[in-house]
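Below is one structure, written out as structure tokens; comments come after it.
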Amino acid sequence: MHGPWADRMRGRVTRCVALTLAVGLVVPHARGQESPGEELKKLIDGFTQAQQAFMSEYREAKTDEERQKLIAEKMPKADGVAAQIMQLAAKTPADAASLDGLVWVLQNVREPKTTAEAVRLVLEHHAGSDRLAGVCRVMATQLAPEAEDLMRALIEKNPHREVQGWACYSLARQLKQRAELVAFVTQRPDMKERLAEFYGSGLADRIAKTDANRLNAEIEELLGRVVKDYADVQNGTLAKSVERELFEIQNLAIGKSAPEIDGEDVDGVVFKLSEYRGKVVVLDFWGDW
Numbered sequence: 002m003h004g005p006w007a008d009r010m011r012g013r014v015t016r017c018v019a020l021t022l023a024v025g026l027v028v029p030h031a032r033g034q035e036s037p038g039e040e041l042k043k044l045i046d047g048f049t050q051a052q053q054a055f056m057s058e059y060r061e062a063k064t065d066e067e068r069q070k071l072i073a074e075k076m077p078k079a080d081g082v083a084a085q086i087m088q089l090a091a092k093t094p095a096d097a098a099s100l101d102g103l104v105w106v107l108q109n110v111r112e113p114k115t116t117a118e119a120v121r122l123v124l125e126h127h128a129g130s131d132r133l134a135g136v137c138r139v140m141a142t143q144l145a146p147e148a149e150d151l152m153r154a155l156i157e158k159n160p161h162r163e164v165q166g167w168a169c170y171s172l173a174r175q176l177k178q179r180a181e182l183v184a185f186v187t188q189r190p191d192m193k194e195r196l197a198e199f200y201g202s203g204l205a206d207r208i209a210k211t212d213a214n215r216l217n218a219e220i221e222e223l224l225g226r227v228v229k230d231y232a233d234v235q236n237g238t239l240a241k242s243v244e245r246e247l248f249e250i251q252n253l254a255i256g257k258s259a260p261e262i263d264g265e266d267v268d269g270v271v272f273k274l275s276e277y278r279g280k281v282v283v284l285d286f287w288g289d290w
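Just so you know, we're using my numbering here: the sequence shown kicks off at 2 and counts up by one.
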């Protein structure tokens with residue numbers, strides 16, 4: 002076939018082939034293959050819906066037996082979802098969607114290996130994110146070494162003041178809990194092995210190597226830093242929380258002078274606690290609300 006008409010036909014065929022190839026490239030996704038980000042969102046949304054359904058049933062339960070049965074049979078387990086999230090996040094760890102998944106894991110899961118891997122990926126790919134303040138707040142009560150390592154790294158590497166402030170405060174709370182465990186183990190050395198079984202060998206090793214005086218000094222320094230450098234974070238509520246913590250450390254610790262107390266004894270005689278300084282007394286504190 003020759004001539005202008007043949008040339009036009011060949012051009013049409015070429016364009017049709019190119020269009021077919023282009024469409025073919027996107028058809029698999031259009032037919033249901035989801036991106037890792039879409040799969041992550043579906044997993045998180047599915048868990049949230051399951052939690053809401055569980056809580057609805059739990060609130061309607063009439064007896065303790067019914068509630069315990071619901072917990073045993075229907076309460077959603079975060080660990081299984083977390084394993085799937087971690088697999089997806091590992092495929093594209095630098096994506097914003099992967100950060101959503103990693104944040105969810107750190108806020109909902111306490112399993113040490115999973116936490117350690119999530120922390121590693123966050124620090125490797127998202128250490129400068131402004132979306133980590135919530136993670137810091139939640140992890141303030143976690144004693145895992147990885148939680149402490151994350152707070153220290155965010156204080157050093159994250160450029161956002163809200164994240165820095167919450168990391169500083171959360172690290173202080175983590176260290177305070179460790180100080181309490183150090184005091185407990187000092188009084189009960191027979192509990193060291195139980196501690197390792199419950200919290201893991203990593204935390205047990207840190208406790209064994211902890212200098213209590215240096216730890217308490219660091220806690221006070223961190224809280225003071227929050228008051229000095231991050232007092233305005235979250236409309237000043239962070240500073241107010243820290244002031245209470247500082248008062249407790251500076252005034253209510255073992256070995257400190259007790260704060261002054263004014264009151265009346267059983268005979269109605271007004272007295273001050275300081276009047277009994279240097280004496281052996283028995284104090285009976287009670288309240289009625």
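The C-beta atom is built at its ideal place from N, Cα and C for all residues, glycine as well.
Between the Cα of Thr187 and those of Gln165, Lys210, Tyr200, Ala168, spot the shortest distance and give me the residue it belongs to.
-> Indexing the sequence shown from 1 puts residue 187 at position 186. Among Gln165, Lys210, Tyr200, Ala168, the Cα nearest to that of Thr187 belongs to Lys210.
Between the Cα of His127 and the Cα atoms of Lys158, Gln108, Thr116, Val106, which residue gives the shortest distance?
-> Numbered from its first residue, the sequence shown carries residue 127 at position 126. With distances taken between Cα atoms, His127 lies closest to Lys158.
Contact check, Thr116 vs Val123 under 8 Å by CB: the rounded distance?
-> To locate residue 116, count along the sequence shown from 1; it is residue 115. To locate residue 123, count along the sequence shown from 1; it is residue 122. Their Cβ separation, rounded to whole angstroms, is 10 Å, which puts Thr116 and Val123 out of contact at 8 Å.
Where does Arg32 fall in DSSP's three states?
-> Residue numbering aside, residue 32 sits at position 31 when the sequence shown is read from its first letter. In this prediction, Arg32 scores a pLDDT of 41, lower than 50, which makes its location untrustworthy; the coordinate-derived value is nonetheless stated afterwards. Here Arg32 sits in coil by DSSP.
Looking at the unbroken alpha helix (DSSP H) that takes in Phe48, where does it start and where does it end?
-> As a first step, residue 48 must be located in the sequence shown, where it is residue number 47. Taken as a continuous stretch (DSSP letters only), the alpha helix (DSSP H) holding Phe48 covers 37-61.
DSSP state of Gly269, grouped into three classes?
-> Working through the sequence shown from its first residue, we reach residue 269 at position 268. Gly269 falls in the coil class under three-state DSSP.
In three-state terms, what does DSSP make of Asp263?
-> Numbered from 1 along the sequence shown, position 262 holds the residue referred to as residue 263. Strand, per DSSP.
Phe199 to Glu35 span [Cα, whole Å] | As a working note, residue 199 is residue 198 in the sequence shown. As a working note, residue 35 is residue 34 in the sequence shown. Going by the C-alpha atoms only, they are around 40 Å apart.
Secondary structure at His127, three-state DSSP: helix, strand or coil?
-> Position 126 of the sequence shown, counting from 1, holds the residue named residue 127. If DSSP states are grouped into helix, strand and coil, His127 belongs with coil.
Just the C-alpha distance for Asp289 and Gly269, rounded to the nearest angstrom, thanks.
-> Start at 1 with the first residue of the sequence shown, and residue 289 comes out as number 288. Start at 1 with the first residue of the sequence shown, and residue 269 comes out as number 268. Answer to the nearest angstrom: the Cα atoms are 17 Å apart.
Taking the continuous alpha helix (DSSP H) assigned at Trp287, which residues delimit it?
-> As a first step, residue 287 is located in the sequence shown; it is residue number 286 there, counting from the start. Neither: Trp287 is in no alpha helix (DSSP H) and is coded neither H nor E.
Rounded C-beta distance between Gln175 and Glu149? I'm assuming under 8 Å.
-> Locating residue 175 in the sequence shown gives position 174, where the first residue counts as 1. Locating residue 149 in the sequence shown gives position 148, where the first residue counts as 1. Indeed, because the Cβ distance is near 5 Å, the residues count as touching under 8 Å.
Could you please give the first and the last residue of the uninterrupted alpha helix (DSSP H) stretch that includes Gln175?
-> Translated into the one-based positions of the sequence shown, residue 175 becomes position 174. Residues 162-188.
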